[in-house]
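The sequence shown begins at 1 in my numbering and counts up by one.
Beta carbons are placed, not taken as given, at the ideal position from N, Cα and C, and that holds for glycine.
Comments concern the structure below.
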Amino acid sequence: MASIIDTQATAVVRFWREAGANQWFAKDPAFDRRFRERFLDLHRSVVRGERDAWLDTPEGALALLILLDQFPRNAFRGSADMYATDTLARHVARLALAAGHMEAVRC
């Protein structure tokens, strides 16, 4: 059974949704800085596997994907670290898809 959504996962998804599509893919140093300052420690925690239980819910899986895929693109822009968690992000995406989470999430 799905676990209760972690407040940190909710904060990640809320931040991303509030930023909106205009910010998601724009090159904006101020946005990148806010994103990095707010979620760098959480990103590192996700990379260490400490938030794997988030995969139990659609919103948690989305938060993992944001932190593994989009966060590095913004936080580490212009460096090889932008791509360091791509393999892990693809793995999480496959698990989320297999769990049926993709249909439950709207951005």
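Pairwise C-alpha distance: residue j and residue i
i	j	result
Leu-64	Gln-8	11 angstroms
Met-82	Val-46	15 angstroms
Val-109	Ala-61	Since the first and last residues shown for the chain are 1 and 107, residue 109 lies out of range.
Asp-69	Trp-24	12 angstroms
Arg-77	Leu-40	13 angstroms
Asp-32	Ser-79	13 angstroms
Arg-90	Ala-30	27 angstroms
Phe-35	Gly-20	13 angstroms
Arg-94	Arg-48	18 angstroms
Thr-57	Arg-51	12 angstroms
Ala-75	Glu-37	9 angstroms
Ala-26	Ile-66	15 angstroms
Leu-88	His-43	12 angstroms
Thr-85	Pro-72	8 angstroms
Ala-96	Glu-59	10 angstroms
Leu-161	Val-105	In this structure the chain extends from 1 to 107, so residue 161 is not present and cannot be described.
Ala-98	Asn-22	30 angstroms
Residue burial classification, residue i (beta-carbon count within 10 angstroms, cutoff 16)
i	result
Ala-53	exposed
Thr-10	exposed
Ser-3	Confidence is the limiting factor: at Ser-3 the pLDDT is only 47, short of 50, which leaves the residue's position unreliable, though a coordinate-based value still follows. Counting Cβ neighbours within 10 Å, Ser-3 comes out exposed, since fewer than 16 surround it.
Residue range of the alpha helix (DSSP H) that includes residue i
i	result
Val-46	29-47
Arg-17	7-19
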